[in-house]
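Trainee: Below is one structure. I have some questions about it.
Number of protein chains: 2
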Amino acid sequence: MSERYDVIGIGNAIVDVLARAEDDFLVKHGMAKGGMALIDETRAEAIYAAMGPAIEISGGSAANTIVGVASFGGRAAFVGTVKDDTLGGVFMHDIRAANVSFSTPPFQNGPSTARSYILVTPDGERTMNTYLGAAQLLSATEVTEAEIAAAKVTYLEGYLWDPQNAKDAFVKAARIAHRAKRTVALTLSDAFCVDRYRDEFRALVENGTVDLLFANESELKSLYQTADFDSAVAALRKDARLAVVTRSEKGALVVTPEKIEAVDAFPVEEVVDTTGAGDLFAAGFLHGFARSLPHATSARLGALAAAEVISHLGARPERKLVELAREKKLLP
Amino acid sequence: MSERYDVIGIGNAIVDVLARAEDDFLVKHGMAKGGMALIDETRAEAIYAAMGPAIEISGGSAANTIVGVASFGGRAAFVGTVKDDTLGGVFMHDIRAANVSFSTPPFQNGPSTARSYILVTPDGERTMNTYLGAAQLLSATEVTEAEIAAAKVTYLEGYLWDPQNAKDAFVKAARIAHRAKRTVALTLSDAFCVDRYRDEFRALVENGTVDLLFANESELKSLYQTADFDSAVAALRKDARLAVVTRSEKGALVVTPEKIEAVDAFPVEEVVDTTGAGDLFAAGFLHGFARSLPHATSARLGALAAAEVISHLGARPERKLVELAREKKLLP
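Residue numbers (this note's numbering), protein chains in the order written: chain A, 1 to 332; chain B, 1 to 332.
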């Protein structure tokens with residue numbers, strides 16, 4: 001199979017509905033700050049009615065990452081499901097306009113396009129409430145050998161583990177990728193998500209279903225059920241072939257059985273909205289990885305993309321990342 | 001009639017679809033930079049298909065102004081028409097969440113909620129392409145004596161002059177307001193709009209239908225068909241009881257038959273997107289005017305709100321304007 005993509009992502013196709021909120025609002029509505037909670041349509045309506053003026057902007061964890069790869073100049077594709085409704089049209093327009101190949105047909109019936117109600121507190125932290133809608137209907141049907149085998153890296157989000165049929169899609173994609181001698185990457189997505197599927201995620205890493213793992217500090221601690229970061233990293237090092245641990249302003253670690261490399265974060269003037277920080281870090285690393293750059297350089301690309309995305313509202317880059325990377329002499 | 005509102009606005013209820021674009025894009029698609037063009041659904045689809053990743057955010061000139069008044073702590077109401085569709089829901093949510101009283105019922109049938117496709121060039125200038133949809137069905141039916149007579153100021157946008165039935169709504173509102181001894185304010189909206197209705201707008205000012213006029217430099221020059229700013233101001237002074245002329249970074253002039261007061265702009269670190277600059281200037285001035293502040297103070301409130309809104313994407317304030325105004329000692 002000839003190679004057509006650097007990275008293909010599979011994930012929930014979501015439109016973000018972002019509003020600023022005070023910490024009080026989270027408390028009053030029983031939200032775990034910084035987390036992602038799955039909600040039903042009734043709760044979605046209640047949250048929307050209570051929240052302030054919002055902006056709508058395409059999101060979805062893996063989708064954000066893939067848009068980031070394309071912004072670095074990578075050849076990128078995405079698989080995910082929307083309904084043929086207004087927000088589905090918004091999602092499809094935005095991902096294609098970002099130079100991402102996206103050919104999953106929208107559903108004509110069933111639940112509406114997924115939305116995530118994201119509350120951004122004054123410290124820039126985001127708290128997500130996701131109504132999965134049409135995204136949860138993603139199944140193995142949407143995953144094709146023609147696309148997966150044509151990508152150097154298949155990138156999966158842990159959130160896919162929530163609906164059973166999306167999990168099937170995940171497993172099928174990983175199998176196709178490995179048969180084609182490609183790399184399978186996974187992001188753990190969210191500490192609460194890890195908590196729901198800890199044993200399965202650990203098995204995926206240990207048994208080699210996942211070649212490249214992305215996690216932030218709290219996800220990693222949740223994975224190994226420890227409050228001690230160093231022991232979590234030590235455990236990870238035993239299990240994973242290659243892993244990247246992001247640590248917000250403390251930068252990131254690239255972890256292999258051979259060594260641990262620490263990479264600095266890029267300074268940010270003001271953290272406006274952390275939505276997409278992890279997604280965009282993954283974008284930079286994946287782009288560098290697909291282009292066979294040294295891991296430390298790939299991680300710096302990740303840090304650069306994360307710094308860009310937290311400087312403004314929304315989880316997709318506002319600047320061309322390839323240009324930013326050239327300014328910093330990280331890409332030719 | 002007891003007074004319930006400081007300002008009520010009547011205008012097109014629009015959701016903005018904002019994307020960054022290069023100047024080339026405007027040329028290629030035959031757009032007049034900095035202007036507002038009315039487009040039909042076919043052209044709307046073509047522009048959307050060609051433009052980059054976008055964000056959706058509630059807009060509409062008078063609606064932005066009214067949201068600004070509410071953000072200053074003013075009692076604000078809005079009249080405008082949407083359809084009962086996804087973007088209509090977005091518009092209604094956002095304006096109510098901004099503490100604006102909005103009770104115009106959405107249409108169940110007919111054209112969809114209005115959208116403005118806004119291209120933001122690297123210099124921060126915005127070029128608007130508006131599909132009026134359900135907004136153009138605004139008619140005298142939506143304008144009620146109960147609401148208009150209860151507001152100190154009725155604020156109208158020049159864009160209403162485009163559809164005949166919206167013009168009827170405008171005329172009815174002005175008549176109710178004056179019968180109730182209230183103030184009628186008008187923004188000229190856009191130089192191209194002035195070009196379409198020059199004689200009528202001049203008549204509105206001369207015959208006292210409009211008590212307070214807002215214009216920017218190019219609208220004022222278009223109104224008096226002169227390239228010379230000073231002669232335009234001199235002509236305005238003869239016609240208008242009270243007018244505010246905004247001049248971007250050069251500040252603004254408050255023009256009355258008695259005198260002309262110049263007010264400075266607030267410095268802005270980076271102009272990100274000029275969408276809403278004039279709308280938010282009007283918000284500050286109207287708020288001060290309704291609270292009987294000196295005109296120069298009201299104009300400074302306008303300049304402050306304009307500076308806030310051009311510092312980020314979108315035409316609605318991201319910060320509470322009343323807090324900004326207190327920091328600058330412009331409001332108690």
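Note that the Cβ used here is the ideal one computed from N, Cα and C, for glycine as well.
Please read all numbers here as calculations on a predicted model, not as lab measurements.
Output the distance between the C-alpha atoms of B/L204 and B/V210, rounded to the nearest integer angstrom.
Mentor: Each residue's Cα considered, the two are about 6 Å apart.
Trainee: Which one of B/P106, B/M36, B/A146 and B/Y117 has the shortest CA to CA distance from B/L18?
Mentor: Looking at the Cα atoms, B/Y117 is the closest of the given residues.
Trainee: For the putative contact between A/V15 and A/R115, defined by C-beta atoms under 8 Å, what is the C-beta separation to the nearest angstrom?
Mentor: With 8 Å as the limit, A/V15 and A/R115 qualify as a contact, their Cβ atoms being about 5 Å apart.
Trainee: Using CA coordinates, which residue listed in A/E270, A/R291 and A/S292 is at the minimum distance from A/E308?
Mentor: Of A/E270, A/R291 and A/S292, the residue nearest in Cα terms is A/E270.
Trainee: Give me, in chain order, the residues of the same chain whose beta-carbon lies closer than 6 Å to that of A/V254; leave out the 5 immediate sequence neighbours on both sides.
Mentor: Counting only Cβ-Cβ distances below 6 Å, and skipping sequence neighbours, we find V244, E261, H295 and A299.
Trainee: With DSSP collapsed to three states, give me the class of A/S101.
Mentor: Looking at A/S101 - three-state DSSP - the assignment turns out to be strand.
Trainee: Rounded to whole angstroms, what's the CA-CA distance from A/T246 to A/N216? Just pull it up for me.
Mentor: Looking at the two C-alpha atoms, the distance is approximately 5 Å.
Trainee: Please state whether the Cβ-Cβ distance between B/P317 and B/S71 is less than 8 Å.
Mentor: Yes, the pair counts as a contact, with Cβ atoms nearer than the cut-off.
Trainee: Going by DSSP in three states, A/M92 sits in which element: helix, strand or coil?
Mentor: Note: A/M92 maps to helix in three-state DSSP.
Trainee: Is it right to say B/Q108 is buried, meaning 16 or more other beta carbons lie within 10 angstroms of its own, or is it exposed?
Mentor: When all chains shown are included, B/Q108 counts as exposed.
Trainee: Of all the options A/L138, A/Y155, A/V82 and A/E145, which has the alpha carbon lying nearest to the alpha carbon of A/I8?
Mentor: The residue with the shortest Cα to Cα distance from A/I8 is A/Y155.
Trainee: Taking the alpha carbon of B/K28 as the point to measure from, which residue in B/T42, B/A46 and B/N12 has its own alpha carbon closest?
Mentor: Ranking the options by Cα distance to B/K28, first place goes to B/A46.
Trainee: Between the alpha carbons of A/Y159 and A/S231, how many angstroms are there, rounded?
Mentor: Those two C-alpha atoms are separated by around 25 Å.
Trainee: Please report the distance separating the alpha-carbon of A/P122 from that of A/D273.
Mentor: Each residue's Cα considered, the two are about 9 Å apart.
Trainee: Out of B/M31, B/T86 and B/R196, which one is the CA nearest neighbour of B/P163?
Mentor: Selected option, being the one with the closest Cα: B/R196.
Trainee: Can you find a CB in chain A that lies within less than 8 Å of the CB of B/G52?
Mentor: So, interface residue.
Trainee: Report the residues of the segment 86-109 of chain A with a CB closer than 7 Å to any CB of chain B, ordered along the chain.
Mentor: Those would be T86, L87, V90, H93, D94, A97 and A98, in chain order.
Trainee: Give the straight-line distance between the Cα atoms of B/T346 and B/E157, rounded to the nearest whole angstrom.
Mentor: No information on residue 346 of chain B is available, as it lies outside the stretch 1 to 332 that chain B covers here.
Trainee: Cβ atoms of B/A283 and B/G124: under 8 Å apart, would you say?
Mentor: Contact flag unset, no.
Trainee: Short of 8 Å Cβ to Cβ, which residues in the segment 251-280 of chain B face chain A?
Mentor: So the list is empty, because no residue satisfies the distance condition.
Trainee: Give a yes or no on whether the C-beta atoms belonging to B/L119 and B/A191 are separated by under 8 Å.
Mentor: Contact: no.
Trainee: Could you tell me if A/P53 is buried or exposed, where buried requires 16 or more neighbouring beta carbons within 10 angstroms of its beta carbon?
Mentor: Buried, by the Cβ-count rule.
Trainee: Leaving out five residues before and five after A/I55 in sequence, what residues of the same chain have Cβ atoms less than 6 Å from its Cβ?
Mentor: Result list for A/I55: L18, in chain order.
Trainee: Roughly how many angstroms separate the alpha carbons of B/L138 and B/A173, rounded to a whole number?
Mentor: Those two C-alpha atoms are separated by around 12 Å.
Trainee: Among all the DSSP beta bridges, which residues are the ones paired with A/Y5?
Mentor: In the DSSP output, where bridge partners are listed per residue, A/Y5 has A/A151.
Trainee: Look up A/K83 in the DSSP assignment and say whether it is helix, strand or coil.
Mentor: Strand, per DSSP.
Trainee: So which residues on chain A does B/Y48 lean against when the C-beta distance must stay under 8 Å?
Mentor: In chain order: H93.
Trainee: Please tell me whether A/G60 and A/G80 are closer than 8 Å, where the distance is taken between their beta carbons.
Mentor: In contact: A/G60 and A/G80 (Cβ atoms closer than 8 Å).
Trainee: What does a CB cutoff of less than 6 Å around B/A140 pick up in its chain, not counting 5 residues either side in sequence?
Mentor: Answer for B/A140: D168, A169 and K172, listed in chain order.
Trainee: Taking the straight line between their C-alpha atoms, what separation do you get for A/E206 and B/M36?
Mentor: Going from the Cα of A/E206 to the Cα of B/M36 covers about 58 Å.
Trainee: Report the residue from A/A235, A/E249, A/A166 and A/A151 whose alpha carbon sits nearest the alpha carbon of A/A177.
Mentor: That would be A/A151, whose Cα lies nearest to the Cα of A/A177.
Trainee: Any Cβ of chain B within less than 8 Å of the Cβ of A/S58?
Mentor: At least one chain B Cβ lies under 8 Å of A/S58.
Trainee: Nearest to B/R126 by alpha carbon, out of B/V153, B/Y48, B/M31 and B/T86?
Mentor: Checking every option, the nearest Cα to that of B/R126 belongs to B/M31.
Trainee: Against chain A, with Cβ distances strictly below 8 Å, would B/R75 count as a contact?
Mentor: Taking Cβ atoms only, chain A never reaches closer than 8 Å to B/R75, which makes this a no.
Trainee: Just how far apart, CA to CA, sit B/E258 and B/T187?
Mentor: Rounded to the nearest angstrom, the two C-alpha atoms are 21 Å apart.
Trainee: Could you give the distance in angstroms between the alpha-carbon of A/D85 and the alpha-carbon of A/L132?
Mentor: Answer to the nearest angstrom: the Cα atoms are 14 Å apart.
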